[in-house]
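Take a look at the structure set out below.
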Amino acid sequence: MADELDGKIVLIGGATGALGSAMAREFARTEAWLALAGRSEQKLARLVEEIGLPDERVFGATVDAADPESVEALVEAVVAHFGGVDVLLNTVGGWGGGKPVGETDVEQWERMLTLNLRSAFLLSRAVLPGMLKNGWGRIVHVSSKTAVAPRARQAGYAVAKMGVITLTEVIAAEVKGSGVTANVVLPSIIDTPANRKAMPEADPRKWVEPAHIAATMRFLCSEAGGSINGARVPVYGAV
Numbered sequence: 052m053a054d055e056l057d058g059k060i061v062l063i064g065g066a067t068g069a070l071g072s073a074m075a076r077e078f079a080r081t082e083a084w085l086a087l088a089g090r091s092e093q094k095l096a097r098l099v100e101e102i103g104l105p106d107e108r109v110f111g112a113t114v115d116a117a118d119p120e121s122v123e124a125l126v127e128a129v130v131a132h133f134g135g136v137d138v139l140l141n142t143v144g145g146w147g148g149g150k151p152v153g154e155t156d157v158e159q160w161e162r163m164l165t166l167n168l169r170s171a172f173l174l175s176r177a178v179l180p181g182m183l184k185n186g187w188g189r190i191v192h193v194s195s196k197t198a199v200a201p202r203a204r205q206a207g208y209a210v211a212k213m214g215v216i217t218l219t220e221v222i223a224a225e226v227k228g229s230g231v232t233a234n235v236v237l238p239s240i241i242d243t244p245a246n247r248k249a250m251p252e253a254d255p256r257k258w259v260e261p262a263h264i265a266a267t268m269r270f271l272c273s274e275a276g277g278s279i280n281g282a283r284v285p286v287y288g289a290v
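For the sequence shown, the positions run 52 to 290 when the numbering used here is used.
And the structure:
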């Protein structure tokens, strides 16, 4: 599978998070060229150092994924540095909630839509023209099991993540037959330090390891994965 990604330019959004950094480590084992995007310049520098790729194969850039100009500038920088974007792995997002709909303030609602859905739209919009022009591309977004099995007190998050699914399916319909694919993975609870801290009484053995999600997304980027378009891929673990 590594040979299939030789020379492919992979843009990872949210690269400094627990899942994004797992993506970086997974794809660093291939021969792809990595563009790592996140909000913190210091965290990006540490991640670039950790994965240990030659300078010519890795590029780190800060971005505000909810800002159109910042996203466009990011993609322009990657194109200038590497020559294009072949793969978008979007792990940007976050959870917030805890209140019933009747008690949820507008700011929290909009924050979830901005963080999870607006960012997915902006990143997709920025990379699609180049992929379609080249006749090859892979877009993989990260949604959540919560989108298709929502629970109480998670309205903003659940709706935003369902929006990510719908966005992906619309893109998949638009790019059908072009050599570009768009798919979305749906993890349950991801085994991260933050989740372990937030849920100390839960059994993390039932959760999903970031590396397993990364491996799933890697397959979707392969030539064999090219027959998969518009799929909702559950990665639930034992939850």
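Ideal Cβ placement from N, Cα and C applies to all residues, glycine included. If you're wondering where the values come from, they're calculated on a predicted model, not measured in any experiment.
- The Cβ neighbour count for glutamine 205, taken over all protein chains shown within 10 Å, is at least 16; the residue is labelled buried.
- Non-local C-beta neighbours of serine 229 in its own chain, meaning closer than 7 Å and more than five positions away in sequence, comprise Leu183, Gly186, ordered along the chain.
- Here threonine 165 carries a helix assignment [DSSP, helix/strand/coil].
- In the structure shown, threonine 155 adopts coil according to DSSP, grouped into three states.
- If you check the CB distance, leucine 85 and valine 122 do not come in under 8 Å.
- Under the DSSP assignment, threonine 142 falls outside any beta strand (DSSP E); it carries neither an H nor an E label.
- For alanine 265, same chain residues with a beta-carbon under 6 Å away, outside a window of 5 residues either side, are Ala73, Met74, Glu77 in chain order.
- Within the same chain, and ignoring the five residues on either side of alanine 262 in sequence, the residues whose Cβ sits closer than 6 Å to its Cβ are Ala73.
- Secondary structure at tryptophan 160: helix, using DSSP grouped into helix, strand and coil.
- Contact fails between the segment 244-256 and the segment 197-217, because fewer than three Cβ pairs, one in each stretch, are under 8 Å apart.
- Look at alanine 211 here: in three-state DSSP terms it is helix.
- Beta-bridge pairing by DSSP links threonine 113 to Gly89.
- The DSSP-derived three-state label of proline 105 is coil.
- DSSP, reduced to helix, strand and coil, places proline 201 outside both helices and strands of the structure shown, so it counts as coil.
- Beta bridge pairing from DSSP links alanine 233 with Ile190.
- Proline 255: not part of any beta strand (DSSP E); DSSP gives it neither H nor E.
- Note that the segment 152-163 does not touch the segment 248-261; fewer than 3 beta-carbon pairs, one per stretch, sit closer than 8 Å.
- For isoleucine 60, no alpha helix (DSSP H) segment is defined; the enclosing uninterrupted segment is the beta strand (DSSP E) at 60-64.
- Rounded to the nearest angstrom, the gap between the Cα atoms of glycine 153 and glutamine 159 is 12 Å.
- Comparing alpha carbon positions, the residue from Val191, Leu173, Val236, Arg189 closest to valine 199 is Val236.
- The residues Leu168, Ala171, Phe172, Ser175, His192, in chain order, have a CB closer than 8 Å to that of leucine 218 in the same chain once the five nearest residues on each side in sequence are set aside.
- Lysine 94 and threonine 67 have their C-alpha atoms spaced approximately 6 Å apart.
- Taking all protein chains shown into account, phenylalanine 133 has 16 or more neighbouring C-beta atoms within 10 Å of its C-beta and is therefore buried.
- 8 Å or more divides the Cβ of aspartate 106 from the Cβ of arginine 90.
- Distances from the CA of aspartate 57 to each of Arg80, Ala69, Ile63 were compared; the closest alpha carbon is that of Arg80.
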